[in-house]
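Participant: The structure that follows is given in the form of structure tokens.
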Ligand SMILES: *Cc1c(COP(=O)(O)O)cnc(C)c1O
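Residue numbers (our numbering): 225 to 674.
See the structure below:
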């Protein structure tokens, strides 16, 4: 949570200028709330930090792909980084121009490559020579040309969580740098393809700038070498991955601190590309949305099992899986400000799902919490709603966006008809009641016949 956009006013937690408890009364709990003001601030600061560089900022949709979020960035001039046909369609539907869309991902299908070609996107970030051959075939068959960047694996350790590191040689991502080099030197003309760029993306939630510098230096060295050898490269894609602060006080990370990290990153890039003839692509995701969202939940029960106190809330791992999946830590704050000097005691905050991993926090010191209270999980704008599922047949939560003192439901809560209605009975159950094999029906039939 960034303090300028999430703050207590008269003891009530607000997103922008909207009281979250009022939204809870309107849409019910749990629900996600995003501050458009925070989104706009983050994008504008990122763009300003890069000003003067020939850069396209392609927001990485997978962090949060609500149409209203994409549309907010598109209105400010953003492009999009997509990793599936679904995300490609979302980006186009939200108004991102095709010529600002980059298609990444280690396992694009033939249909997805064709969809990208038909849309006329800026670039495919190709992650294997097999994918390159397939794209060449598809483009040739369609009589068109695909713009390509090879995603190189720079073999640097981003020093981030093992489940979100992507730049080491032992991960599935990218093409070995030497293999990419040899291939490009040996294959100057590939039918249906224009290899225009090199790309890296070394991981997510990076808080240290050193691994970036190392990866970018390696990429730039390769770029220079290939250009000197006559390969017509013109673009470098530096990927995403800039981290945010998850651990901060109840009023959140100072916006200025986040902005300073971005400025330092941009200055590092500026120095590296100083005398390079190159266009740049950036793919920030989490940085732009992570601290612009909260998940609001209501306390259902407070239960003491021996010495351990459990706060059972109405959000669960199906709504927010990051703590279960990555041991992620989210700040938990009451919507009603705790009394000054209120004593904190360690509690476990858990959801209702029948899995012991459905735990948001263990032994977290929190101020007094009563049944019926409203709580917010902060820093849940990224990789949160997008990972939600209907596990335990729980409905997907709604998403609300606020801007100034206005609010809008940007995705309604799913309803039970929609959830169950996606299932189909097989015809042997749906159409043939006579063949019902359950013991009761069998017995009933026998009695009926007698
Ligand atoms: C996930 C991803 C991003 C965005 O990562 P963040 O950590 O959210 O900035 C960018 N580019 C690629 C290729 C990705 O896979």
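All residues carry an ideal CB built from backbone N, CA and C; glycine is no exception. As the structure is a prediction and not an experimental result, all values here were calculated from the model.
What residue does the beta strand (DSSP E) around residue 421 start on, and which one ends it?
Facilitator: 417 to 423
Participant: Looking only at its own chain, which residues have a Cβ that is under 6 angstroms from the Cβ of residue 263, when we skip the five neighbours before and after it?
Facilitator: 296 and 516
Participant: Where does residue 668 sit, in a helix, a strand or coil, going by DSSP?
Facilitator: Residue confidence for residue 668 is low, a pLDDT of 46 falling below 50, so the modelled location carries little weight; the figure read from the coordinates is stated next. Residue state, collapsed to three classes: helix.
Participant: At the level of alpha carbons, what is the spacing between residue 228 and residue 240?
Facilitator: 8 angstroms
Participant: Considering only C-alpha positions, which residue in the set 250, 255, 304 and 230 is nearest to residue 505?
Facilitator: 304
Participant: Beta-carbon separation of residue 376 and residue 446 under 8 angstroms?
Facilitator: Yes, Cβ-Cβ distance for residue 376 and residue 446 is below 8 angstroms.
Participant: So, at 6 angstroms on beta carbons, what are the nonlocal neighbours of residue 233 in its own chain, with the 5 sequence-adjacent residues on each side left out?
Facilitator: none
Participant: Does the beta-carbon distance from residue 194 to residue 359 come in below 8 angstroms?
Facilitator: Past the boundaries of the shown model lies residue 194; the chain is included only from 225 to 674, so the question cannot be answered.
Participant: Under the three-state reduction of DSSP, which class applies to residue 616: helix, strand or coil?
Facilitator: helix
Participant: In chain order, what residues of the same chain lie with their CB nearer than 6 angstroms to the CB of residue 674, ignoring the 5 residues before and after it?
Facilitator: Summary for residue 674: the model assigns pLDDT 39, below 50, so the residue's position carries little reliability; its value from the coordinates is reported in the next sentence. Cβ within range, chain order: n/a, list empty.
Participant: With a threshold of 7 angstroms, establish whether the CB of residue 286 neighbours any heavy atom of ligand 1.
Facilitator: Under cutoff, so the answer is yes.
Participant: Between which two residues does the alpha helix (DSSP H) harbouring residue 550 extend?
Facilitator: Looking at the DSSP string, the run of the alpha helix (DSSP H) that includes residue 550 is 546 to 550.
Participant: Among 592, 552 and 544, which has the Cα closest to the Cα of residue 565?
Facilitator: Nearest C-alpha to residue 565: 592.
Participant: Indicate whether residue 540 and residue 572 have their beta-carbon atoms separated by less than 8 angstroms.
Facilitator: no
Participant: How many angstroms separate the CA atom of residue 325 from the CA atom of residue 312?
Facilitator: 8 angstroms
Participant: Please report how far the alpha carbon of residue 271 lies from the alpha carbon of residue 494, in whole angstroms.
Facilitator: 13 angstroms
Participant: Check whether the Cβ of residue 463 sits closer than 7 angstroms to any heavy atom of ligand 1, and report yes or no.
Facilitator: yes
Participant: Is there at least one non-hydrogen atom of ligand 2 closer than 7 angstroms to the beta-carbon of residue 509?
Facilitator: Here the bound small molecules are ligand 1; ligand 2 is not part of this structure.
Participant: What do you reckon, is the C-beta of residue 307 under 7 angstroms from a heavy atom of ligand 1?
Facilitator: yes
Participant: Against chain B, does residue 248 count as a neighbour if the rule is that its beta carbon must be under 8 angstroms from one of theirs?
Facilitator: This model lacks chain B altogether; it includes just one protein chain.
Participant: Span of the beta strand (DSSP E) holding residue 558?
Facilitator: 556 to 558
Participant: For the alpha helix (DSSP H) that residue 625 lies in, which residues bound it at each end?
Facilitator: Looking at the DSSP string, residue 625 is not in any alpha helix (DSSP H); the run it does join, the beta strand (DSSP E), is 623 to 627.
Participant: What's the call for residue 429, buried or exposed, on a 16-neighbour Cβ count within 10 Å?
Facilitator: buried
Participant: Confirm, please, whether the CB-CB distance from residue 244 to residue 600 is below 8 angstroms.
Facilitator: yes
Participant: Cα separation between residue 654 and residue 646?
Facilitator: 15 angstroms
Participant: May I have the straight-line CA-CA distance separating residue 338 from residue 362, to the nearest angstrom?
Facilitator: When rounded, the distance between both Cα atoms is 7 angstroms.
Participant: On the criterion of 16 or more Cβ atoms from any shown chain inside 10 Å, does residue 368 qualify as buried, or is it exposed?
Facilitator: exposed
Participant: Can you give the Cα-Cα distance for residue 302 and residue 309, rounded to whole angstroms?
Facilitator: 19 angstroms
Participant: Can you pull the DSSP bridge partners for residue 347?
Facilitator: 326
Participant: If we ignore side chains and look at the alpha-carbon of each, how far apart do residue 343 and residue 404 end up?
Facilitator: Distance between the alpha carbons of residue 343 and residue 404: 27 angstroms.
Participant: Would you grab the beta carbon distance between residue 459 and residue 421 for me? Rounded to a whole angstrom, and I think it's under 8 angstroms.
Facilitator: Between residue 459 and residue 421 the beta-carbon gap is near 3 angstroms, inside 8 angstroms, which marks them as a contact.
Participant: What residue does the alpha helix (DSSP H) around residue 402 start on, and which one ends it?
Facilitator: Taken as a continuous stretch (DSSP letters only), the alpha helix (DSSP H) holding residue 402 covers 401 to 410.
Participant: Within the present structure, is the beta-carbon of residue 291 separated from the nearest heavy atom of ligand 1 by less than 7 angstroms?
Facilitator: no
Participant: If the criterion is Cβ atoms closer than 8 angstroms, does the pair residue 610 and residue 289 meet it?
Facilitator: yes
Participant: Could you tell me the boundaries of the beta strand (DSSP E) in which residue 361 lies?
Facilitator: Boundaries around residue 361 are those of the alpha helix (DSSP H), 353 to 365, since no beta strand (DSSP E) includes it.
Participant: Quick one: give me the first and last residue of the beta strand (DSSP E) that residue 281 is part of.
Facilitator: 279 to 284
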